[in-house]
Amino acid sequence: AQSVTQPDIHITVSEGASLELRCNYSYGATPYLFWYVQSPGQGLQLLLKYFSGDTLVQGIKGFEAEFKRSQSSFNLRKPSVHWSDAAEYFCAVAPGGNEKLTFGTGTRLTIIP
Amino acid sequence: GAGVSQSPRYKVAKRGQDVALRCDPISGHVSLFWYQQALGQGPEFLTYFQNEAQLDKSGLPSDRFFAERPEGSVSTLKIQRTQQEDSAVYLCASSPIDRGDTQYFGPGTRLTVL
């Protein structure tokens with residue numbers, strides 16, 4: 131069965147600093163990979179996704195993620211965070227497109243001035 | 009355009025009551041998913057519809073949970089004889105095609121069972 135690990139429960143960064151959120155997955159083949167963001171009281175919004183091709187994918191709001199097959203990782207990065215980036219971030223995998231997602235437990239991001 | 013909508017946004021139920029949660033997917037979306045998100049956790053899959061057909065209900069935690077999508081559009085998740093452990097946010101998501109596309113999530117229904 132597939133699984134997702136987000137080792138960091140909570141991360142605090144200063145506004146303007148760079149950010150990296152970690153995600154490791156367990157799956158027999160290369161899964162479909164996603165990063166979602168959830169703000170308080172809001173639904174999940176897709177930041178970016180990886181199906182195949184270029185292993186560095188660009189998403190919305192200035193986020194990017196890199197798929198590393200050898201490390202079974204799909205880490206999310208942003209060069210300079212804004213106060214509005216404070217939210218909960220979820221990594222998710224699926225065996226194929228438009229199939230049920232398996233989520234990690236999430237990383238809560240706090241931004242300090 | 010309109011996104012996925014869910015109602016009610018908040019529901020408080022006494023233990024033992026039945027509840028019904030509604031999901032209105034994006035118009036024309038073929039696929040519909042239900043997830044359960046407990047406090048401090050990531051969402052967990054409950055069930056999946058393709059049009060009106062329920063193709064996967066492997067995530068439903070007990071036979072008290074039932075979902076339907078009779079006309080291939082609106083879906084209802086019903087929980088009978090609610091228990092305290094059912095307290096969670098229930099998320100609905102829809103997708104426009106059978107494979108290879110993105111799930112669009114609604115804002116969720118927060119269920120609290122007293």
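Line order of the protein sequences matches chains A and B. So the first sequence is numbered by our numbering: it starts at 131 and just counts up by one. So the second sequence is numbered by our numbering: it starts at 9 and just counts up by one. Just so you know, even glycine gets a beta-carbon here, dropped at the ideal spot from N, CA and C. Remember, it's a predicted structure, so these values are computed and weren't measured experimentally.
So, under 8 Å CB-CB, residue i and residue j are touching, yes? Tell me the CB distance rounded to an integer number of Å.
| i | j | result |
| --- | --- | --- |
| phenylalanine 74(B) | leucine 54(B) | Contact doesn't hold; Cβ gap of about 11 Å is too wide. |
| cysteine 153(A) | glycine 234(A) | 6 Å |
| aspartate 64(B) | lysine 230(A) | 7 Å |
| proline 104(B) | valine 38(B) | 7 Å |
| arginine 30(B) | glutamine 44(B) | About 16 Å; that fails the 8 Å criterion. |
On the DSSP bridge list, what partners appear for residue i?
| i | result |
| --- | --- |
| aspartate 32(B) | Ser13(B) |
| cysteine 153(A) | BP columns for cysteine 153(A) are empty, so no partner. |
| leucine 68(B) | Looking at the DSSP assignment, leucine 68(B) forms no beta bridge with any residue, so it has no partner. |
| histidine 140(A) | Arg238(A) |
| glutamate 218(A) | Gln168(A), Arg238(A) |
| arginine 207(A) | Glu150(A), Glu194(A) |
| tryptophan 42(B) | Thr55(B), Cys100(B) |
| glutamate 76(B) | Thr84(B) |
| alanine 131(A) | Its beta-bridge partners do not exist; DSSP assigns none. |
| alanine 224(A) | Tyr162(A) |
| lysine 19(B) | Leu119(B) |
| lysine 179(A) | Phe164(A) |
| leucine 186(A) | Glu196(A) |
Do residue j and residue i have their beta-carbon atoms positioned less than 8 Å apart in this structure?
| i | j | result |
| --- | --- | --- |
| proline 33(B) | leucine 40(B) | yes |
| alanine 21(B) | lysine 86(B) | no |
| leucine 122(B) | lysine 19(B) | no |
| leucine 174(A) | glycine 189(A) | no |
| phenylalanine 57(B) | arginine 77(B) | yes |
| glycine 80(B) | glutamate 60(B) | yes |
| glutamine 132(A) | tyrosine 155(A) | yes |
| isoleucine 241(A) | valine 143(A) | yes |
| alanine 217(A) | leucine 239(A) | yes |
| tyrosine 219(A) | threonine 232(A) | no |
| serine 169(A) | proline 209(A) | no |
| alanine 96(B) | phenylalanine 113(B) | no |
| tyrosine 180(A) | alanine 159(A) | no |
Check the Cβ of residue i against every Cβ in chain B and list those closer than 8 Å, keeping chain order.
| i | result |
| --- | --- |
| lysine 208(A) | Those within 8 Å of lysine 208(A) in chain B number zero; the least Cβ separation is about 20 Å. |
| phenylalanine 220(A) | Gly50, Pro51 |
Kindly list, in the order they appear in chain B, the residues whose Cβ is closer than 7 Å to that of residue i.
| i | result |
| --- | --- |
| glutamine 172(A) | Pro115 |
| glycine 183(A) | By Cβ distance, chain B contributes nothing, its closest Cβ being about 13 Å from glycine 183(A), past 7 Å. |
Just the chain A side, please: which residues come within less than 9 Å of residue i by C-beta, in chain order?
| i | result |
| --- | --- |
| threonine 110(B) | Phe164, Leu176, Lys179, Gly227, Asn228 |
| leucine 99(B) | Gly173, Leu174 |
Where does residue i land, buried or exposed, given buried means 16+ other C-beta within 10 angstroms?
| i | result |
| --- | --- |
| leucine 206(A) | buried |
| leucine 99(B) | buried |
| glutamine 201(A) | exposed |
| leucine 151(A) | buried |
| serine 182(A) | exposed |
List the residues of chain B whose Cβ lies closer than 9 Å to the Cβ of residue i, in chain order.
| i | result |
| --- | --- |
| phenylalanine 233(A) | Tyr43, Gln45, Gln49, Gly50, Pro51, Glu52, Phe53 |
*Can you give me, in chain order, the residues of the stretch 48 to 66 of chain B that have a beta carbon less than 8 Å from any beta carbon in chain E?*
Absence of chain E from the displayed structure is noted, the protein chains being A and B.
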